[in-house]
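According to the numbering used here, the sequence shown is numbered sequentially starting from 11. A virtual CB, placed ideally from N, CA and C, is assigned to each residue, including glycine. From a predicted model like this one, the values you see are computed outputs, not experimental measurements.
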Amino acid sequence: MENTEEKKLQSRNKTIIVTSVIGIAANIFLAAFKAFVGFLSRSVAIQMDALNNLSDAASSIITIVGTYLAGKEPDKKHPFGHGRAEYLSALLISMLVIYAGVTAFIESVKKIVNPVTPDYSRITFIVILVAVIVKLVLGRYVKSVGVRVNSGSLKNSGDDAFMDAVISASTLVAAVLYVFTHISVEAYLGAVIALLIVKAGVEMLKETLSKVLGESVDPGMARDIKATVMSFPQVSGAYDLVLHNYGPDMFNGSLHIEIPDTLPAFELDKLIRNITNKVLMEHDVLLTAIGVYSLNTGDSDAVRVRETVSGIVLSKQYVRQIHGFYYDEKEKSIRFDVVISFDAPDHHKVFDEVISSVREAFPGFDVQAAIDRDFSEN
Numbered sequence: 011m012e013n014t015e016e017k018k019l020q021s022r023n024k025t026i027i028v029t030s031v032i033g034i035a036a037n038i039f040l041a042a043f044k045a046f047v048g049f050l051s052r053s054v055a056i057q058m059d060a061l062n063n064l065s066d067a068a069s070s071i072i073t074i075v076g077t078y079l080a081g082k083e084p085d086k087k088h089p090f091g092h093g094r095a096e097y098l099s100a101l102l103i104s105m106l107v108i109y110a111g112v113t114a115f116i117e118s119v120k121k122i123v124n125p126v127t128p129d130y131s132r133i134t135f136i137v138i139l140v141a142v143i144v145k146l147v148l149g150r151y152v153k154s155v156g157v158r159v160n161s162g163s164l165k166n167s168g169d170d171a172f173m174d175a176v177i178s179a180s181t182l183v184a185a186v187l188y189v190f191t192h193i194s195v196e197a198y199l200g201a202v203i204a205l206l207i208v209k210a211g212v213e214m215l216k217e218t219l220s221k222v223l224g225e226s227v228d229p230g231m232a233r234d235i236k237a238t239v240m241s242f243p244q245v246s247g248a249y250d251l252v253l254h255n256y257g258p259d260m261f262n263g264s265l266h267i268e269i270p271d272t273l274p275a276f277e278l279d280k281l282i283r284n285i286t287n288k289v290l291m292e293h294d295v296l297l298t299a300i301g302v303y304s305l306n307t308g309d310s311d312a313v314r315v316r317e318t319v320s321g322i323v324l325s326k327q328y329v330r331q332i333h334g335f336y337y338d339e340k341e342k343s344i345r346f347d348v349v350i351s352f353d354a355p356d357h358h359k360v361f362d363e364v365i366s367s368v369r370e371a372f373p374g375f376d377v378q379a380a381i382d383r384d385f386s387e388n
C-alpha cells in the first residue's frame, strides 16, 4: 500500500515538473520575441508584456523547486512530510506576479509623463498574434494539468497565462488603433495591464493564504468518508470528522464512531483497524485517531429519553446536530455532544440554552454536554 502511494506521489510530481518545464520554455521564447519587437517598435505595452513572460518563467521555476521540496521524505522535524512546501511556492508565485505588476505600472506611468511614439511593423503584429495563440494553448494546458493533479501553483500559472493572452490581444488592438488613427494609447494600456497583473496576483495570494491558514473540509469529501465508515454494520453513526491538510491531497484526520455499548474490546480493535484501512484505500486519508461513542442497548428507556432530548436540543436555533448520546438511569446522568453552527453569533449562549432546557426537562439528572463544530459545514 505504501509503494502504491509513493508511486502516485512520484507520478504527480513528475507531471508537475514536466508541465513547468514546458511553461518555462514557452515563456522564455515569448519574452525574447516580445522584448525584441518592443525595443524596435518602442512599444511600452509590448515591453511590459515581455517582462510579464519572464516573471511567468520564474514562476514555473519556483513551482519545480516547491514540488521537489514537497516530495522529500518525512523526517524527525517534519513527521507528516513536506507537502505544504507547494503552498509556499504558490505564495511566492503570487508575490512575484504582484511585484511584476507594480514594476510595470511604474514604468507605464513614466511613459505617460514622458511619452514615446511607437513604431509598429508587420513583424510586430505577427509576434503579438503568436503570443495570444501560444498563451491561450499554454494556459489551457497548464490549468487542466493543475486541476487534474491538484496543484495550486500550476492552476495559478494557468490562470495567469489566460490573462496574458487577453493582455496581448489588447496590445494588438492598441497597435491597430495607432496604425489607422495615429492615436497612441500604449502607456495607458501598459498601466491598465499592470493593474490587471496586480489584481491577479492579489487574488492568487488570498487563495493561497486561505489554504495555508486551513480551510474547511470539502462537504462532498466528508460525506463520502462518513459513508465509508457507516458501511460497517457495527457503526450506527460517524461524527466529528476533522481533516488536517499537509499538502495537496495529503490528509490526516480523526473522527468518532457510534457503536453498541456491548461490543467487546477485541471486536472494537478489529473494527477500528478495518475502518482505518478502508478509508485510506478509498479516500487516501489516514485516520490517525478514531474515538468511540457508546450507544445504549440494554435500557429500553434510553430510546425514549434520547428522542425527547434530541427534540429539545434540535429545536434551538443554530443547532445542527446532537450525537454521542448516552443515558444512565442508575447514575442519573445524560451525556451528549451538540453541534452548533459557525453562523451562531454567540456559541456559548446557544449552548447554555440547550443545557438549561434539558435540565429543566430532566430535573435531578447530571447533564454532561460538550460543544462540537462541524468542520465540513457549508
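Of the residues 287, 25, 102, 63, the one whose Cα lies closest to the Cα of residue 222 is 102.
Within the DSSP secondary-structure output, residue 337 pairs in a beta bridge with 344.
For residue 256, there is no enclosing alpha helix (DSSP H), as DSSP marks it with neither H nor E. Residue 73 places its beta carbon 8 Å or farther from that of residue 122.
The way I'd put it, the stretch 40 to 52 does touch the stretch 138 to 150; three or more beta-carbon pairs between them come closer than 8 Å. Nearest C-alpha to residue 80 among 20, 32, 244, 111: 20. Taking residue 264 as reference, the option from 354, 257, 239, 243 with the minimal CA-CA separation is 239. By the criterion of at least three beta-carbon pairs nearer than 8 Å, the stretch 354 to 362 is not in contact with the stretch 281 to 290. No Cβ-Cβ contact shorter than 8 Å links residue 148 with residue 156.
Inter-segment contact for the stretch 204 to 212 and the stretch 161 to 177 is present: three or more beta-carbon pairs are separated by less than 8 Å. In the three-state DSSP reduction, residue 270 falls in the strand class (E or B). If you draw a straight line from the Cα of residue 333 to the Cα of residue 348, it comes to about 7 Å. The continuous alpha helix (DSSP H) containing residue 180 extends over residues 162 to 191. Residue 329 places its beta carbon less than 8 Å from that of residue 364. Between residue 162 and residue 100, the beta carbon gap of about 4 Å places them in contact (Cβ cut-off 8 Å).
For residue 304, no alpha helix (DSSP H) run applies; the uninterrupted beta strand (DSSP E) run containing it begins and ends at 295 to 305, by DSSP.
Around residue 218, the same chain offers 97, 100, 101, 104, 162 as residues with beta carbons nearer than 7 Å, after the five sequence neighbours per side are excluded. The criterion of a C-beta distance shorter than 8 Å is not satisfied by residue 215 and residue 235. CA-CA distance, residue 307 to residue 319, rounds to 17 Å.
A direct Cα-Cα distance of roughly 7 Å separates residue 322 from residue 367. If you draw a straight line from the Cα of residue 351 to the Cα of residue 76, it comes to about 37 Å. DSSP places residue 311 in the uninterrupted alpha helix (DSSP H) bounded by 310 to 324. For residue 195, no beta strand (DSSP E) run applies, since DSSP gives it neither H nor E. Contact check for residue 336 against residue 310 fails: the beta carbons are separated by 8 Å or more.
DSSP, reduced to helix, strand and coil, places residue 378 within a strand of the structure shown.
Scanning 60, 39, 151 for the CA closest to the CA of residue 28 turns up 151.
Shown here, residue 124 sits in coil according to DSSP, grouped into three states, outside any helix or strand. Between residue 184 and residue 199, the CB-CB gap stays under 8 Å. The continuous alpha helix (DSSP H) containing residue 370 extends over residues 357 to 371. For residue 265, the beta-bridge partners assigned by DSSP are 300. Contact between residue 114 and residue 204 is confirmed by a C-beta separation of about 4 Å, below the 8 Å threshold. Rounded to whole angstroms, the separation of the alpha carbons of residue 69 and residue 85 is 28 Å. For residue 232, the uninterrupted alpha helix (DSSP H) segment begins and ends at 229 to 240.
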